[in-house]
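Colleague: Below you'll find the structure I mean.
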Amino acid sequence: RIIVKGGIYHVIQRAPGKEYIFVEDSDYLYFLKLLKKTVQDFKIKIYCFALLPNHLHILLEIEEENLSLAMQYLFRLYAVYFNKKYKRKGHVFSGRFRASFCNNETYLLTASAYIHINPLKANLCQNLRDYRWTSVHLYIDKPKESFVSSARILSIINKDQLLASRKYEEMLLFYAATKGKVIMDHNSFNKAIRVGIGFLKEAALPSQEVNLELLISQLKSGKRLTTPESQKGRKYVITQLLARGYAHQEIQGQLKISRATLYRVIKSNE
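Numbering (the working numbering), first residue to last: -15 to 254.
The following block contains the structure:
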């Protein structure tokens, strides 16, 4: 993981197998209480989140190099609560959390959109407003006092927060129509949004994603990777896509790799 002061990260954590992280409304509420406490104790900023029954997404910024400590604190306290409440033993989460580094405004904006449409993508709702356990209401409704800060991401769209909020909702509706499938190619996504809605400042385009798109196109060529550099490139791409929430089958199809290859990369990161 690339951990830097002031870094912004898309964090994903999942339940093991077919287990659940959240069962009742009180579970979601308790996790949010712990998340707020983590913000205070570790001096982090939360930009958005989505809590689903079997996994969760958090987009956050750290002031210090303490991402692992903060997330371990958060997930450990919640695991203790969950096991005690449901009189169970064992792991509540599926190993270490995944974290994808957001290195520019374009990625930050698209990551927030991806997070907010997750309930729709998981068929948990028909309308994003109907799902309670995300921060989307702080983006598309009237501003409210919260430990979640929407201003940073909305300002990427427009300095006028009300206008930015309306444009952000338009973006989500466009994005939701594809259920997030266009996220694989950030440049195409950004161009489609700009042409179809015209909400994004020119300063945020084009995307410079640490050559992630270039690496994906090279991996798609099907050529055998024999050098250490090319193998590291494949590992980096797979790690980034896993951190962004792609299913194993999606990654195998996009990169033209076998299940065994993907499994080896995942195991090497554990």
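The beta carbon of each residue, even a glycine, is placed where N, CA and C say it ideally should be.
Keep in mind that this is a model prediction, so the values were computed, not measured.
(1) Grab me the residues of N142's own chain with a C-beta within less than 7 Å of its C-beta, minus the 5 sequence neighbours each way, in chain order.
(2) Have a look at D144, L112, F131, S139 and flag the residue whose alpha-carbon is nearest the alpha-carbon of A160.
(3) Let me know if L246 comes out buried or exposed under the rule of 16 or more other beta-carbons within 10 Å of its beta-carbon.
(4) Distance check for L104 and Q110, CA to CA, integer angstroms please.
(5) Taking Cβ positions, are F81 and V(-5) nearer each other than 8 Å?
(6) With A255 as the anchor, note down where its beta strand (DSSP E) starts and where it stops.
(7) For E47, collect the residues of the same chain with a Cβ closer than 6 Å to its Cβ; drop the 5 residues on either side in sequence, then sort them by chain order.
(8) With DSSP as the reference, please indicate the residues paired to H121 in a beta bridge.
(9) Can you find the residues in the same chain that come closer than 6 Å, C-beta to C-beta, to Y4, ignoring five residues on each side of it along the sequence?
(10) Which residue wins for smallest C-alpha separation from E153, given the options I101, N107, R136?
(11) Count the other C-beta atoms from every protein chain shown that fall within 10 angstroms of the C-beta of V120, then say buried if there are 16 or more, exposed otherwise.
Modeller: With the structure as the only source:
(1) A148, K151
(2) L112
(3) buried
(4) 6 Å
(5) yes
(6) The requested residue 255 is not part of the displayed model; the chain covers only -15 to 254.
(7) K27
(8) Answer by DSSP bridge pairing: none, since H121 is not bridged.
(9) P37, N38
(10) I101
(11) buried
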